[in-house]
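Engineer: To get the working numbering, take the position in the sequence shown, counting from 1, and add 68.
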Amino acid sequence: LACAFQALTFPACVQRLGPTVPGATLAGGARVPGTSYELEPVQAAFNIGTLVRWLDFNDTWLAAEWGHPSDNVGGILATADWLSRNAVAAGKKPLLMRDVLTAAIKAYEIHGVLAEGNIFNSPETGLDLVILLKIASTAVITHLLGGGVDEVTDALSNAFVDGQPLNTYRVMPNAGPRKSWASGDATARAMQLALLTMRGEMGYPTAISAKTWGFGDVLYNGRPLKVTRRYGSHVIENVQFKIAYPAQRHSQTAAECAVRLHPLVKDRLNDIERVELTTHKPALLKIVVDGPLPNFAARDHCLQYVVAVGMIFGDITTASYEDGFAADPRIDRLRAQMGVRE
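(1) Taking 8 Å as the limit between beta carbons, can you name the residues of its chain near Met-406, skipping five residues before and five after?
(2) I'd like the span of the alpha helix (DSSP H) that includes Met-379, first residue to last.
(3) What residue range does the beta strand (DSSP E) around Glu-344 cover?
(4) Mind checking which residues open and close the alpha helix (DSSP H) that includes Arg-416?
(5) If you run the structure through DSSP and keep just helix, strand and coil, what is Thr-128?
(6) Have a look at Ile-276 and Thr-221 and give me their C-alpha separation to the nearest angstrom.
(7) Tell me whether Ala-395 sits in a helix, a strand or coil according to DSSP, three-state version.
(8) Locate the alpha helix (DSSP H) running through Met-259, then write down its first and last residues.
(9) Would you check if the segment 153 to 162 and the segment 260 to 280 touch, i.e. whether three or more CB-CB distances between them fall below 8 Å?
(10) Bridge partners of Gln-74, per DSSP?
(11) Can you say whether Gly-86 is buried or exposed, counting buried as having 16 or more other CB atoms within 10 angstroms of its CB?
(12) From Pro-162 to Phe-114, what distance separates their C-alpha atoms?
(13) By the three-class DSSP mapping on this structure, what secondary structure does Phe-309 have?
(14) Can you tell which of Pro-331, Thr-77, Gly-142 and Asp-124 has its C-alpha closest to the C-alpha of Phe-309?
(15) May I have the straight-line CA-CA distance separating Arg-238 from Arg-166, to the nearest angstrom?
(16) Below 6 Å CB to CB, which residues in the same chain sit around Asp-149 once its five sequence neighbours on both sides are set aside?
(17) So, Tyr-299 versus Val-181, is the Cβ gap smaller than 8 Å?
(18) Need the endpoints of the alpha helix (DSSP H) that Val-156 sits in, please.
(19) Strictly by DSSP, which residues pair up with Gly-284?
(20) Determine the burial state of Asp-253: buried for a count of at least 16 other Cβ atoms within 10 Å of its Cβ, exposed for fewer.
(21) What is the rounded straight-line gap between the Cα of Pro-362 and the Cα of Ala-243?
(22) Can you tell which of Lys-294, Pro-90, Val-141 and Met-259 has its C-alpha closest to the C-alpha of Tyr-169?
(23) Just to confirm the assignment, what range does the beta strand (DSSP E) spanning Met-240 have?
(24) Under 8 Å between the Cβ atoms of Ala-42 and Val-110?
(25) Give every residue of the same chain whose Cβ lies closer than 8 Å to the Cβ of Thr-93, excluding the five residues on either side of it in the sequence, and list them in chain order.
Here's what the structure looks like:
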């Protein structure tokens, strides 16, 4: 919620909020925290999910596949608010916060356990990591709506049949703001599939395993999905937080180093001949970027930009990626002096 409220100070985020069609509100719908919006729950999930994810302050699960399990909160909050408001209006009991938190624990666990055994956003597959979010949110929202094992299974099969977004909007030359609303999109789709299922939509029993036409053969190079541990509460108990700096996770330690270097170099920037960065393969593939960075999304996913800002200014904030801030010529000049190796 804190991430969501801070995101409301960014006009680029706010312009993506509200109903799909202007004026299309729903009395008794789901509310969007921090705003006056009262929307049908699918669009409310998009709004909340977008707010939660807009800034790069969030939790991170470090596994074979990674991601941000808190992105599931968008669908969970929208569902719980909508169900509870309608229950109260009908003279029934609303959900408790215990129900909301239990749903979050389950979503974290599904998201994180699947991340441990499967890699979707590798160069060989090229899918975006929000596949984990859609799967986890679909399961949990269907259950919140009253679905049992059969309904959850049917809804999940449709989540796999969907096809999945491409990772290309997170890396140059296509890095753009979609990476900040992709989670809202995924959790909203999860709610849509859950609602369809609870109205009787059928499932597809071999959606993952069907030869030639299933998810495994079409989108996962014929590999089976792996579940590496029993589902419990391991993920939410061990999740990590990006508290220090709002930047892509592979750049966190470099950001820390750059800020520590600031007092030593702030008055000697013109004396720097070269900055050498040693990192790992995922960072090289995803956030090592030379040349122009056209927008906020490209900058917070550029290792050299993050390091330059830390060295020059001694801090890295969400404002560090705005157009006006990025216009400081010292940033690109220092970026140009950087070499990166594995």
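All residues carry an ideal CB built from backbone N, CA and C; glycine is no exception.
Just so we're clear, the structure is a prediction, and the values are computed from it rather than from any experiment.
Structural biologist: Put simply:
(1) Arg-342, Val-343, Glu-344, Leu-345, Gln-372, Val-375 and Ala-376
(2) 371 to 381
(3) 343 to 346
(4) Limits of the chain in this structure are 69 at one end and 410 at the other, which puts residue 416 out of reach.
(5) strand
(6) 12 Å
(7) coil
(8) 246 to 266
(9) no
(10) Bridge partners of Gln-74: none, in fact.
(11) buried
(12) 22 Å
(13) strand
(14) Asp-124
(15) 35 Å
(16) Ala-98 and Arg-99
(17) Contact flag set, yes.
(18) 141 to 157
(19) For Gly-284, which the question treats as bridged, DSSP gives no partner whatsoever.
(20) buried
(21) 9 Å
(22) In the sequence on display, residue 169 carries Leu and not Tyr. Nearest option by C-alpha distance: Val-141.
(23) It is not in any beta strand (DSSP E) - Met-240 carries neither H nor E in the DSSP assignment.
(24) A question about residue 42 goes unanswered here, because the residues of the chain that appear run from 69 up to 410.
(25) Pro-87, Tyr-105, Glu-106 and Leu-107
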